[in-house]
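Report on the following structure.
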Amino acid sequence: MITALANPQRFMSFTRPLAPALGIGAAVLFAVGLWLSFAAPEDYQQGDTVRIMFVHVPAAWMGLFAYLALGVSAFFGLVFRHALADAAARAAAPLGAAFTALALITGSLWGRPMWGAWWAWDARLTSVLILLLFYLGYMALNAAIDDEQKAARASGVLALVGLVNLPIVKFSVDWWNTLHQPASVLRADGPSMSADLLAPLLVMGAAYKLLFLALWIVRIRAEVRRRRAGSLAAAAAGRA
Amino acid sequence: MDLDMGSYGAYVWPAWGISAVVLGWLVVDALGRARRWRREVERLEQERGR
Numbered sequence: 000m001i002t003a004l005a006n007p008q009r010f011m012s013f014t015r016p017l018a019p020a021l022g023i024g025a026a027v028l029f030a031v032g033l034w035l036s037f038a039a040p041e042d043y044q045q046g047d048t049v050r051i052m053f054v055h056v057p058a059a060w061m062g063l064f065a066y067l068a069l070g071v072s073a074f075f076g077l078v079f080r081h082a083l084a085d086a087a088a089r090a091a092a093p094l095g096a097a098f099t100a101l102a103l104i105t106g107s108l109w110g111r112p113m114w115g116a117w118w119a120w121d122a123r124l125t126s127v128l129i130l131l132l133f134y135l136g137y138m139a140l141n142a143a144i145d146d147e148q149k150a151a152r153a154s155g156v157l158a159l160v161g162l163v164n165l166p167i168v169k170f171s172v173d174w175w176n177t178l179h180q181p182a183s184v185l186r187a188d189g190p191s192m193s194a195d196l197l198a199p200l201l202v203m204g205a206a207y208k209l210l211f212l213a214l215w216i217v218r219i220r221a222e223v224r225r226r227r228a229g230s231l232a233a234a235a236a237g238r239a
Numbered sequence: 000m001d002l003d004m005g006s007y008g009a010y011v012w013p014a015w016g017i018s019a020v021v022l023g024w025l026v027v028d029a030l031g032r033a034r035r036w037r038r039e040v041e042r043l044e045q046e047r048g049r
């Protein structure tokens with residue numbers, strides 16, 4: 000399936016109906032998630048600030064997931080020298096950077112009333128900040144080199160290096176004594192959260208996931224067309 | 000539905016607000032790029048056809 004989709008033309012016809020379908024799915028889940036988020040009871044300790052979790056945690060999940068998408072795409076681009084993989088990597092980076100920035104900002108807005116601090120140099124917060132810096136570094140390096148193939152290779156290597164940071168982000172709350180709370184959804188003995196709060200979180204998480212997938216596909220499609228436009232323009236210049 | 004955030008409104012609403020703004024911008028930006036390059040390819044292909 001991956002080899003079949005590696006053909007840009009086949010990819011374009013396969014993904015044509017996919018992006019709107021995912022987008023509609025995301026919109027429906029956002030509507031349900033929005034309602035559930037404000038219908039959920041206040042947390043007995045956090046009060047209404049628990050509602051920040053419903054936008055904070057999905058953003059953080061997508062910040063990590065988008066980096067995985069970026070890293071795997073960069074790997075395929077480096078190993079198989081495939082233009083579509085490079086396009087997928089380039090398309091994932093700004094999305095992941097935006098989700099990671101949202102996770103940091105909304106986390107800060109939760110930290111101020113709950114911890115009494117906007118920011119703490121704790122292992123989870125610091126590793127997520129490093130994640131954001133990897134995204135920004137990837138984008139800057141990719142944009143700084145004019146030759147697109149060289150740009151994809153150099154930034155691809157940087158993207159692979161950044162993969163090391165993903166388990167550090169995930170397990171930082173277990174490996175170090177952090178101010179940030181440990182995992183309460185993705186844990187071996189099942190979620191430790193009340194169902195009233197888990198339901199909106201999971202619906203919002205699914206909405207963010209579908210939104211990311213829809214936007215990723217739209218951006219890859221735009222990237223494929225940008226390259227096509229580049230080669231058409233070059234061919235036209237050659238004829239003139 | 001509980002929309003009274005009490006004294007935490009100053010934190011809850013900005014968190015939701017900035018999330019809505021950023022996600023909305025991501026959608027507009029992605030669709031804008033898609034439209035721009037689709038039109039550009041169409042234009043170049045028409046020119047080539049002539």
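Sequences listed follow chains A and B, in order. Residues in the first sequence are numbered from 0 upward in steps of one, following numbering that gives the first Met the number 0. Residues in the second sequence are numbered from 0 upward in steps of one, following numbering that gives the first Met the number 0. All residues carry an ideal CB built from backbone N, CA and C; glycine is no exception. Since the structure is predicted, the reported quantities are computational estimates derived from the model, not experimental observations.
Residue i versus residue j - alpha carbon distance
i	j	result
residue 48/A	residue 13/B	11 Å
residue 195/A	residue 39/A	6 Å
residue 217/A	residue 12/A	12 Å
residue 39/B	residue 10/B	43 Å
residue 158/A	residue 69/A	7 Å
residue 33/A	residue 199/A	8 Å
residue 164/A	residue 121/A	15 Å
residue 155/A	residue 0/B	46 Å
residue 125/A	residue 19/B	25 Å
residue 144/A	residue 150/A	5 Å
residue 169/A	residue 192/A	18 Å
residue 6/A	residue 44/B	20 Å
residue 73/A	residue 85/A	6 Å
Within-8 Å CB hit, residue i to chain B
i	result
residue 55/A	yes
residue 64/A	no
residue 99/A	no
residue 231/A	yes
residue 217/A	yes
residue 293/A	Past the edges of chain A, shown from 0 to 239, lies residue 293/A, and the structure says nothing about it.
Interface flag, residue i vs chain A, CB-CB below 8 Å
i	result
residue 27/B	no
residue 37/B	yes
residue 5/B	yes
residue 32/B	yes
residue 49/B	no
Counterpart residues of residue i in DSSP-defined beta bridges
i	result
residue 46/A	42/A
Residues near residue i in its chain [Cβ-Cβ closer than 7 Å; skip 5 each side]
i	result
residue 102/A	55, 58, 59, 62, 127
residue 45/A	113
residue 25/A	206, 209, 210, 213
residue 221/A	none
Same chain, Cβ closer than 8 Å to residue i, five either side skipped, listed in chain order
i	result
residue 29/B	none
Helix, strand or coil at residue i according to DSSP, with G and I counted as helix
i	result
residue 125/A	helix
residue 237/A	helix
residue 227/A	helix
residue 59/A	helix
residue 180/A	coil
residue 34/B	helix
residue 15/A	coil
Proximity test, residue i beta-carbon vs the ligand NAP heavy atom, cut-off 7 Å
i	result
residue 56/A	Because no ligand of any kind appears in the structure shown, any question about the ligand NAP cannot be addressed here.
Own chain, CB closer than 6 Å to residue i, minus 5 neighbours either side, in chain order
i	result
residue 64/A	none
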